[in-house]
Structure formats: C-alpha cells, structure tokens
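One structure below.
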DNA sequence: GGGGAGAGATGCCGC
DNA sequence: GCGGCATTTCTCCCC
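Protein chains in written order, with our numbering: chain A, 4 to 245; chain B, 4 to 245.
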C-alpha cells in the first residue's frame, strides 16, 4: 500500500496520466464553492495538470481543476488528494476513503481533431452558394470585424441594400435574433444608412424567436450546416448495424 | 488477450464502469462530423452508456457519446469499439491499435453536489439586502416569468417606477445588456408604461457592454455572488499552503 | 418535449 | 491579457 502511494506521488511529480478509482468526498473553493459527500468516483489526472472527477453516470465531470498542482497526503491514516491553482485562487480537496484501483501511464498524442459541419462551414457554404439566401444576394465579406461582434456573412442585394447574415448551425433562438439586431443597428449607425436587411440562416427556429424576427423586419432562411460523411451513416445502415 | 476482450465485452453489456488506455483513431458522425488520427487516449465508459474520450492534455473530452450502446468487435485482427445512439443518429467508431490498460469496476454513487455562489444566490442576496441595488429599491418578485425570459429580480423605486435587475455572477457582457434590454422593452409593452429602469448587477463589465448599457440608459451596480466557505481559503492560507 | 438561460461553463480567435 | 462568441456545448427549470 505504502509502495503504491509512493508510485502515485512520483507520477504526480513527473506528469504521467493517472486514473484513480476511489470512494471519496470533495470540497471545492474558487469561482464558486461546492461540497460532494462520499461516493465512488473516477479521478483522471492529466499530464498538463488537468484534474477531472467523474461520477459513475453523467456526461460532465462533477468537479475539475485546470493547470493545477496536486499533492497526495497520508495523514493519520487519512488519504487526501489536494489540488490547487494559486493564480486563480482555486482549491480542491479530495478525501479518499478507499482506493479501488489506479493506473499510471505516459501517453503520447499530438493529433488535432478535424471537425466539419460547424457554423463557419455554413458561412463558407453561403459564400459559395449565395442563392441559398436569395436570388440576388451577393456576398461581400466574411467574418467582418465589428466592435460589437463578428458578422458571419455581409453582402448586398441587387439594389445595393446591405444584408447581414447570421448563421446558426441548429436552433435559431432569441439570443440569435438579438445578435442579428445588434449588427444591423450598428451597421445602420456606422455606415449611415437606413436600410440594412437582416437574415438568420439556420435549420429551424423557436416560435418566440420567429415572432421577434418578424417584429423587427428580419427574415429566416432555412440552411443546414454541410456534412460530407453522410456516406458514413449510409454505410452503417447498409451493414445492417441497426 | 482473447480472455480480456471477453471480459470487456461482458462488462459493456452489464453496465460496469470501464476505463481503457488505448492508442486509437476515431470517427464521429452525428450533430457534426469529425476525425481524429492515431494517438494515445483514455476512454471512459460509464454505467449509463456515457462514453468519453480524453487526450493526455486538455480539459474537455475530444469525443463523446451520451446514452449510447457500445460493442467491441475484433475483426481481421483489428479491434474496434463502436458506439451508437440511434435516436440521435449519432455514431462513433474507435479503431483501437493498442490497448495499453483497462479497468472494470462497479461503482456506486447517489450523491448530488451542493454548490454556492451561483447567480440564483446573487438574486437571493439582493432580495435580502435590496440596498445593494439602491437606497429606495423594493424587490417585488423573483424569477418573474416572461415569454421572453425570466427576470432575476423585479421591483420598484420610491416613485413606483418598475426596476428590472439582471444578475451575472462574473462578467457583464454585450449579451447580458441585450438580455436586460429585452426584459425592459417587454415590460414597457405588457404593462403599458414608459419608464422601466434596468439594472445590471455583476462584479465587473466589459468596456463595450458598459458603453451599450449607458447608451440605453441602464445602470451597473457592483455585486458579487455570496461565498460562505471563504474560511476555506483562509484556512489554506494560514496553513502556509502557498 | 420545446423554450429560455445559467455554467465553477470551455475553447478559439482577434486585437 | 480582454472581448466577443461558437460549442457534437451541457444542464436545469418551467410551461
């Protein structure tokens, strides 16, 4: 037992990837404060000081620390994992009542993930196929910088009216309409023109957002983020996987 | 080896908590699409079907699945962990090139976390100490329901002018000001009154948000979320932990 | 289940 | 560093 603890302590200093299966209770103090009574959890300590505590169910870590320093202390037969980030004034104390299992490994991974179907991809699609917005839409610029935010796609119609396009990859909500409104108002102000059209490009919209959009004279165009691996779904189907 | 795989397969069916240390490559197709080339990752499979893939650094899982069904397939000497959520049309394929380690455990945890210092706690504080907003502020209701959102604290001043208070536990940004504006406008409309005051209660504000707040005649009041464990910090300090 | 909004949000990019 | 904003956001609450 003592020997195992020494190994874990050493691993904490040398930046290994550590997984601990524990029964523990947890106190956090930092941006907020929290307490979690005794239960079984998996603790993941990464090579960059990241610490994640996971319960046996649920998507998100129940507690976590970023870029923290960890120390394992055995005091009066009580095992405690203390984690701190001085810069952010964050402290996490894990009282470990039982150590179910542990693994220590040095892992290597320099790869970055490639993602498709993002909001940026939607904007790219609209630049390539402006008719998705309207027959006479001419895109002018992408990711236009404003102090009040970035305009996804800026363009104009055949009468040279400015058109602001805001893309949402899934649900157009109140916040999206408000965002669009901010850009339109700002453009009217900075360019000194009255007519600036606003378009919200997204697959679907909430009912209230639709109403708000209408109230302010903006329009919704149904556009979905592009996907190229749909083949992947089809292949799954063909293989009779479900 | 064969025997280990059988154990993992069995664990997948019986809802154990499983941790795999792997060298793998990952394809995802669902709400978006992604590909992640070969590298070392820790895979966490929970008892409710949650699957998380973690790289050796970073806070967030690089890939994940919720409420999914998993199957481990050995085909042509290639080990593949397939995960799917039919309802959401999500598919995750993990080609496992090497299995560094694995653990299988049944974990029990029914505890819920207790958190303090949330936005709700700020609103409670303001109800109790309305003078934090202004000398003559009288709170009337909390979490007031509007179709356009929930008003954190609604009240009035000594002249019976309505006051909308929006709380932010940290940074007041453009979105917060816009949110406040939405509530104020909606109240003016629904109550048929011209004067509705807007207050943003938060510890600090971004410069643009400050400007926007001023433009629309709203005010900022400096309030922080209450913390009760500050003792915890102090204790740490006293112990000379840093 | 949809709608709205907070979160100890996180992460990314741009200035 | 701050600012603005997307996220395979996630989660909770309410209607």
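From the three backbone atoms N, C-alpha and C, an ideal C-beta is built for every residue, glycine too.
Just so you know, these numbers come straight off a predicted model, no measurement behind them.
Supposed contact pair residue 23 (chain B) and residue 46 (chain B) - C-beta distance, whole angstroms, cut 8 Å: 4 Å
Chain-ordered chain B contacts of residue 65 (chain A) [CB-CB under 8 Å]: 116
Buried or exposed by the 16-neighbour rule on C-beta atoms within 10 Å, applied to residue 174 (chain A): Counting Cβ neighbours within 10 Å, residue 174 (chain A) comes out exposed, since fewer than 16 surround it.
Chain-ordered residues of the stretch 126-143 of chain A with a beta carbon less than 9 Å from chain B: For the stretch 126-143 of chain A, which is checked against every Cβ of chain B, not one residue is closer than 9 Å.
Local conformation of residue 96 (chain B) per DSSP, three classes: strand
Under 7 Å (Cβ pairs) to chain B, residues found in the stretch 185-215 of chain A: 185, 211
Within 8 Å, strictly: CB atoms of residue 204 (chain B) and residue 180 (chain B): Contact flag unset, no.
Below-8 Å beta-carbon distance, residue 226 (chain A) vs any chain B residue: no
Sequence-distant residues of the same chain with beta carbon closer than 7 Å to residue 101 (chain A), five excluded per side: 25, 26
Distance between beta carbons of residue 107 (chain A) and residue 21 (chain A), contact taken as under 8 Å: 5 Å
Given 8 Å, three or more beta-carbon pairs between the stretch 112-119 of chain A and the stretch 31-41 of chain B: Contact holds: three or more Cβ-Cβ distances are below 8 Å.
Buried/exposed call for residue 200 (chain A), threshold 16 Cβ in 10 Å: Buried: at least 16 other Cβ atoms inside 10 Å.
Three-state secondary structure assigned by DSSP to residue 330 (chain A): Residue 330 (chain A) lies beyond the stretch modelled for chain A, which goes from 4 to 245, so this question has no answer here.
Per-residue burial, residue 78 (chain A) [other beta carbons within 10 Å of its own, 16 or more giving buried]: Classification for residue 78 (chain A): exposed.
Three-state secondary structure assigned by DSSP to residue 58 (chain B): coil
For residue 149 (chain B), the first and last residue of its enclosing beta strand (DSSP E): 141-149
Chain-ordered chain A contacts of residue 248 (chain B) [CB-CB under 8 Å]: No statement about residue 248 (chain B) is possible, as the shown extent of chain B runs from 4 to 245 and does not include it.
Contacts of residue 41 (chain A) in chain B (Cβ-Cβ under 9 Å): 112, 114
Option in B:149, B:120, B:55 with minimal Cα separation from residue 64 (chain A): B:55
Nearest residue (CA-CA) to residue 230 (chain B), options B:172, B:94, B:51, B:162: B:172
Local conformation of residue 26 (chain A) per DSSP, three classes: strand
Residue 97 (chain A) versus A:68, A:183, A:89, A:125, residue with shortest Cα-Cα distance: A:68
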